[in-house]
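Below is one structure; the comments refer to it alone.
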Amino acid sequence: MREAVRPVSREEILRQEDIIRQIRLRPDRPQSYCIITYGCQMNAHDSEKLAGILEEMGMRPESDRQKADLILFNTCCIRDNAERRAMGNIIFTKEIRREKPHLLVGVCGCMAQQKGFQDRLKDRYPFVDFSFGPGEIYRLPERLLYAMEGHREEAFKSGEDSTLYEGLPVLRRDPFFAYLTVMYGCDNFCSYCVVPMVRGRERSRAMAQILSEAEDLVKGGVQEIMLLGQNVNSYDGGEPGADFARLLHELGKTGIRRLRFMTSNPKDLLDGLILEMARNPAVCPHLHLPAQSGSDRMLSAMNRRYTRETYLDRVRALRSAMPHIGLTTDLIVAFPGESEQDFGDTLSLVEEVRFDSAFTFIYSPRTGTKAAGLPDRVPPETAKDRITRLIAKQEDITRSVFASLIGTADHVLAEGVSRRDGGQLTGKTGRSLACNFPGPPELIGQIVPVRITGQGSNTLKAERIERKPE
Ligand code: SAH
Ligand code: SF4
Ligand code: F3S
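Positions 21 to 490 (the numbering used here) are the ones given, in order, by the sequence shown.
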């Protein structure tokens, strides 16, 4: 059943802002905070929103969790190992609290939206003080106040997951790079995936809101914006024609130098969008296009709603419109019922497409998803063997793609000084490949023309040039 999207009213946001002011004035409030973030870019950006709210309350960041007055875990539940890592660290706060009885601990993010999780936390983990799901970030002030006042029931009240809110403060990590949410949630229900359960129904922000946020970012000196959504291709700004291609077009007029976006679902990658990507000079020549598998049998069991052939067709369309585009992907091995032949189809897809790189995962059953009930689980040894072979194959391809780029010119947004060598700057090329080149720290935050000179492990080496030839 489709749940209704609930836009959060201005009154409700004002109420939370009022609580922010109340907390700021209290001498017993936490003075410092540490946010520990797991999972994807959405969570990374949500943490920037959480930090924005906490700073409005007068708190300062503390990177050492042992020293912070408030620890907030922004969790992920996409795979079992993500959950286990977070739980281990949450439980460890019990020890920190022994030394520091005034410590407050909050748990938010996708784990908090799982059925029954908040009640379990409340009943079994007395050292956790409050919790809220990813749809309720705007309620952080209220939950924190309840926790400070010892109202445990209210501090853990599980709530809606399909809200849409505007107007909260955001504290961005970098002055030159920014995440920008275009849509929340997901309606695709891939059979293995927990995201539709924990992030709620798909809902797009109004185009005017996105554009005004982007304009402010550009005015503030941001060079690169990454648009976020679980399936940005199905963005729908509510008015006729307000699709993702149009959004990119309008964003191009803000003067932003670089635009990226993720994630794109191959089933919704229409020709109109490819055309816009090709002709919009701000859109970077890179696309993350998760394939998940190269086998039609698996793709159908995964409910991905495209075939190997339609995936390859999209790749051809992208490359014919943008010959220098770099493609990256996500792949799952050992989905229930995956035979050696199905896995061979994934290997051959990787060979055929020649991705710049791939994120590879062993299938992890998730409670509440359709695939969790499927028979024919692949034994763990087979799964490990397959992922090892897949990684080796992709590493070979990455090396040869990198080799083919030597001698070409590109631009790098210099993000910082290389950790290994203080004389080198590090950043990403237009194709989103990590790249190091010699240069002074004054260039950080600028887009620098370079020529690729070689490759390191998973990085390109480059030198500065005057100007990238056309
Ligand atoms: N919305 C994005 C993906 C978000 S999750 C998309 O559709 O592409 C990121 C990746 O995690 C997925 O692409 C998938 O490869 C992987 N993943 C998701 N659920 C998984 C599971 N149960 N087991 C293993 N990998 C999973
Ligand atoms: Fe999960 Fe599929 Fe939605 Fe991506 S598109 S978030 S894999 S359900
Ligand atoms: Fe994890 Fe939630 Fe992202 S489950 S991958 S943090 S959407």
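Where a beta carbon is used, it is the ideal one built from N, C-alpha and C, also for glycine. Computed from a prediction, not measured in an experiment: that's the story for all the values here.
For residue 135, the secondary structure class from DSSP, reduced to helix, strand or coil, is coil. At a cut-off of 7 Å, the beta-carbon of residue 285 counts as near the ligand SAH: some heavy atom of the ligand is closer than that. Annotated three-state conformation of residue 222 is coil, per DSSP. Beyond the five residues adjoining it in sequence on each side, residue 195 comes within less than 8 Å, by CB distance, of 240, 241, 242 and 465 in the same chain, given in chain order. By the Cβ criterion, the stretch 201–209 is not in contact with the stretch 171–179, since fewer than three pairs of Cβ atoms, one from each stretch, lie closer than 8 Å.
Proximity annotation: the ligand SF4 has residues 206, 208, 209, 210, 213, 215, 216, 250, 251 and 285 in chain order, each selected because its CB is closer than 6 Å to a heavy atom of the ligand.
When DSSP reads this structure, residue 481 sits in a beta bridge with 456 and 474. With distances taken between CA atoms, residue 230 lies nearest to 269 out of 446, 269, 417 and 212.
Residue 53 has its alpha-carbon roughly 14 Å from the corresponding atom of residue 120. When DSSP assignments are scanned along the stretch 258–331, the uninterrupted stretches of beta strand (DSSP E) that are 3 or more residues long and fall wholly within it turn out to be 278–282 and 306–308. Rounded to the nearest angstrom, the gap between the Cα atoms of residue 461 and residue 436 is 7 Å. Relative to the ligand F3S, residue 60 has its C-beta within less than 7 Å of a heavy atom. Going by DSSP, residue 239 is part of the alpha helix (DSSP H) stretching over 227–239.
DSSP assignment within the stretch 82–167 yields the following whole alpha helix (DSSP H) runs of 4 residues or more, N-terminal first: 100–119 and 137–144. Between the stretch 127–137 and the stretch 95–104, the count of C-beta pairs closer than 8 Å reaches three or more; the two stretches touch. Taken atom to atom, the span from the alpha-carbon of residue 430 to that of residue 304 is near 11 Å.
Its chain contains 50, 51 and 52 as the residues whose beta carbon lies nearer than 6 Å to that of residue 89, once the 5 sequence neighbours on both sides are disregarded; these appear in chain order. Membership of residue 247 in the beta strand (DSSP E) is indicated by the continuous run 244–248. At a Cβ-Cβ threshold of 8 Å, residue 129 and residue 149 do not count as neighbours. For residue 346, the enclosing beta strand (DSSP E) has its first and last residue at 346–353.
If you check the C-beta of residue 384 against the ligand SAH, you find a heavy atom less than 7 Å away. DSSP places residue 418 inside the alpha helix (DSSP H), whose first and last residues are 400–425.
Residue 402 holds the alpha-carbon nearest to the alpha-carbon of residue 356 among 160, 375, 402 and 478. Not one heavy atom of the ligand F3S falls within 7 Å of the beta-carbon of residue 91. Remark: the C-beta of residue 99 is in contact range of the ligand SAH, defined as less than 7 Å to any heavy atom.
The three-state secondary structure of residue 252, taken from DSSP, is helix. If you check the C-beta of residue 396 against the ligand SAH, you find no heavy atom less than 7 Å away. At a cut-off of 7 Å, the beta-carbon of residue 218 counts as near the ligand F3S: some heavy atom of the ligand is closer than that.
Counting along the chain, the unbroken alpha helix (DSSP H) around residue 361 starts and ends at 360–373. Per DSSP, the unbroken beta strand (DSSP E) holding residue 56 starts and ends at 52–57.
Beta-carbon to beta-carbon, residue 191 and residue 37 are separated by about 16 Å, too far to satisfy the 8 Å threshold.
In this structure, DSSP gives residue 461 a helical state, which the three-state scheme calls helix.
Judged by their CB atoms, residue 425 and residue 480 are nearer to each other than the 8 Å cut-off.
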